[in-house]
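So the protein sequences, as listed, match chains A and B.
Residue 76 in my numbering is what sits at position 71 of the first sequence, and the numbering runs on without skipping anything.
Residue 89 in my numbering is what sits at position 28 of the second sequence, and the numbering runs on without skipping anything.
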Amino acid sequence: MNRLAPEVLAPPPDLASAVPAVGILSAEKTYPNGTQALLPVDLSIAEGEFITLLGPSGCGKSTLLKMVAGMLEPSNGRLLLWRKPVAQLAQTGRKMAFVFQSPTLMPWASVQTNVRLPLDLAGVPRAEGDARVAEALELVGLAKFAGALPRALSGGMQMRVSIARGLVTQPDLLLMDEPFGALDEITRHKLDADLLELWRKKKLTVIFVTHSIHEAVFLSSRVIMMAARPGRVVEQFSIDEPYPRSADFMVSPQFSRYAKQLQDSLMRASSAHDTVDA
Amino acid sequence: MTTQARIPLLAQPRVQRVMYPLLVGLVLLAAWQGVVTAMELPPYLVPSPLLMLQTLVTDWQALGLALWATLKITVLSFLLAVLIGVLISFLFVQSKRIETALFPYAVLLQVTPIVAVAPLIIIWVKNPTAAMVVCAALVALFPIISNTTLGLRSIDPDLQSYFKLNHATRWQQLVRLRIPSALPYFFGGLRISSGLALIGAVVAEFVAGTGGAGAGLAYQILQSGFQLNIPRMFAALLLISLTGVGLFVLMAWLSKWALGSWHASELSQD
């Protein structure tokens with residue numbers, strides 16, 4: 006068995022001294038029927054990092070993200086947010102937002118009401134809520150569409166609404182589960198660039214799930230490479246390209262080099278799995 | 062609307078939706094009239110459409126009152142069915158156990174023919190109007206329960222996760238998520254149920270009518286049968302059908318108004 010020994014994947018040295026936003030301590034997920042969705046993962050994420058979980062379908066990247074969000078309980082191990090268990094996030098005074106793969110908007114409610122939803126649920130007064138909604142819609146460039154119904158918007162715009170809903174609570178940690186997976190490539194590039202700008206402006210910590218190598222290289226400060234059957238973390242890469250990153254970065258030789266590295270790692274991971282199988 | 066010369070108007074789908082069925086109706090009526098006249102069928106077998114309309118006018122005093130009586134029972138039973146049906150649906154979605162325990166009895170209620178139960182209800186309930194309302198409400202109840210329950214459960218799972226992630230209370234989930242998600246299903250149920258309420262009312266009148274309790278359209282049909290007053294029977298039948306169509310159109314319009322107004326109501330909050 007060449008099952009990888011769990012080693013702590015720590016942030017790069019320059020961020021190592023920073024406050025750990027997310028601590029994943031031997032968290033694993035095995036379903037009652039014995040399916041191993043995710044082997045134990047140890048991962049520490051510093052405040053302000055942009056982390057990408059990259060891997061093929063079934064590698065447990067969404068499972069890991071949902072455990073960080075508290076939507077799934079790990080079958081073993083612990084998950085900490087600012088050194089507190091996920092369920093006690095409120096005590097740390099920090100906030101988290103989750104953006105799903107689909108926009109998951111309420112079809113009967115206007116853009117404005119959709120974005121205000123987390124504030125309404127938290128009991129924020131209407132006037133204050135509306136001001137913050139206007140600000141969030143401004144951030145994603147949809148200020149003009151506050152009164153529109155979701156079905157009147159394109160897929161990309163609906164996703165922006167979903168992101169605005171994530172930002173309106175002014176989160177410290179933004180979790181995104183393949184948010185742009187269903188969009189066309191041009192729209193995706195645009196939203197990727199906008200997301201990076203938001204991340205820098207708002208000093209967010211982002212965990213971003215994707216199966217696109219190019220998206221991972223373009224966005225991340227650190228890529229966590231995962232593999233399937235059983236789902237596990239295999240390697241991590243720092244993308245040492247300074248921000249802000251422009252579209253030029255995507256056609257640069259460094260970009261290709263990073264992409265190649267990730268590609269090779271992905272191949273190694275799947276071939277290792279094949280030899281285990283054989 | 063006989064502006065047949067203007068082709069653009071006729072090409073409109075909205076006009077066509079009314080025009081085509083209307084044409085079929087007119088052709089059928091003309092054929093009916095033609096057959097009755099050509100074969101010289103006696104009015105006590107098949108009255109012609111014209112005679113039927115004539116009877117409707119001359120006997121309006123009796124028929125109008127009968128229509129009012131039937132309409133009253135239909136509307137009351139429909140409202141009762143909506144109220145009880147929605148309450149039961151809310152009960153069902155509170156826990157899967159409650160639904161599992163009670164749903165078979167809702168089905169039992171649905172599959173038992175109302176004609177068989179109606180005499181019992183009419184004996185039990187002293188007030189004849191109340192008895193007929195109960196009968197008709199029993200018929201109309203099931204679509205409301207099943208549709209509303211289905212609707213309250215048909216929630217986008219991701220959206221529900223989102224509500225849970227934001228620590229939404231049960232009440233918030235009900236008001237902000239379940240009820241709006243259920244509305245389209247609920248209105249579908251209303252459409253079916255309104256027709257069933259009418260059927261239930263007519264059946265209840267048939268059962269109760271012989272006791273001399275009701276003066277509704279079904280009673281008119283029974284009486285006309287005894288007297289071989291077939292034109293009046295047809296006129297009463299026409300009124301029942303028109304009532305059914307009217308209810309259906311009303312429900313369709315209500316549904317469109319309620320579901321379409323989400324947009325407008327949201328805009329007015331801005």
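Glycine is no exception: its CB is placed at the ideal position from the N, C-alpha and C atoms.
Under a three-way DSSP split, which group does residue i fall into?
i: residue 289 of chain B; result: coil
i: residue 137 of chain A; result: helix
i: residue 88 of chain A; result: coil
i: residue 47 of chain A; result: strand
i: residue 76 of chain A; result: coil
i: residue 114 of chain A; result: coil
i: residue 240 of chain A; result: strand
i: residue 87 of chain B; result: helix
i: residue 28 of chain A; result: strand
i: residue 206 of chain A; result: helix
i: residue 230 of chain B; result: coil
i: residue 119 of chain A; result: helix
i: residue 183 of chain A; result: coil
i: residue 302 of chain A; result: This structure cannot settle anything about residue 302 of chain A, because the visible part of chain A is limited to 6 through 283.
i: residue 278 of chain B; result: helix
i: residue 82 of chain A; result: strand
i: residue 69 of chain A; result: helix
i: residue 42 of chain A; result: strand
i: residue 14 of chain A; result: strand
i: residue 107 of chain B; result: coil
i: residue 215 of chain A; result: strand
If we define contact as Cβ-Cβ less than 8 Å, is residue i a contact residue for chain B?
i: residue 105 of chain A; result: yes
i: residue 76 of chain A; result: yes
i: residue 147 of chain A; result: no
i: residue 79 of chain A; result: no
i: residue 45 of chain A; result: no
Does residue i come within less than 8 Å of chain A when only Cβ atoms are used?
i: residue 274 of chain B; result: Note that residue 274 of chain B scores a pLDDT of 46, beneath 50, so its modelled location is shaky and nothing firm can be said.
i: residue 233 of chain B; result: yes
i: residue 105 of chain B; result: no
i: residue 120 of chain B; result: no
i: residue 204 of chain B; result: no
i: residue 223 of chain B; result: yes
i: residue 209 of chain B; result: no
Report the neighbours of residue i on chain A: residues whose CB is nearer than 9 Å to its CB, in chain order.
i: residue 220 of chain B; result: 105, 109, 110, 111
i: residue 174 of chain B; result: Per Cβ cutoff of 9 Å: no residues; residue 174 of chain B is ~39 Å from chain A at best.
In terms of residue numbering, what span does the beta strand (DSSP E) encompassing residue i cover?
i: residue 245 of chain A; result: Element bounds for residue 245 of chain A: n/a, residue is neither H nor E.
i: residue 227 of chain A; result: 227-232
i: residue 145 of chain A; result: First-last for residue 145 of chain A: undefined, no H or E at that position.
i: residue 221 of chain A; result: Not the beta strand (DSSP E): residue 221 of chain A falls in the alpha helix (DSSP H), residues 218-224.
i: residue 176 of chain B; result: Not the beta strand (DSSP E): residue 176 of chain B falls in the alpha helix (DSSP H), residues 175-185.
i: residue 102 of chain A; result: 101-104
Can you name the residues of chain A whose CB is closer than 8 Å to the CB of residue i?
i: residue 229 of chain B; result: 126
i: residue 241 of chain B; result: 111, 113, 114
Considering just the uninterrupted stretch of the alpha helix (DSSP H) at residue i, what are its terminal residues?
i: residue 100 of chain B; result: Segment: none, residue 100 of chain B is in no alpha helix (DSSP H) and carries neither H nor E.
i: residue 150 of chain B; result: 121-155
i: residue 162 of chain A; result: 160-172
i: residue 209 of chain B; result: 189-214
i: residue 58 of chain A; result: Premise fails: residue 58 of chain A lies in the beta strand (DSSP E), 55-59, not in any alpha helix (DSSP H).
What residues of chain B sit near residue i, judged by a beta carbon separation below 7 Å?
i: residue 123 of chain A; result: 227
So, is the C-beta of residue i closer than 8 Å to a C-beta in chain D?
i: residue 225 of chain B; result: No chain D is present in this structure, whose protein chains are A and B.
Handout entry: Near-chain A residues of the segment 243-275 of chain B (beta-carbon distance less than 8 Å), N- to C-terminal order
Key = 244
Handout entry: chain B contacts made by the segment 166-183 of chain A, where a contact means CB separation under 9 Å
Key = 170, 174
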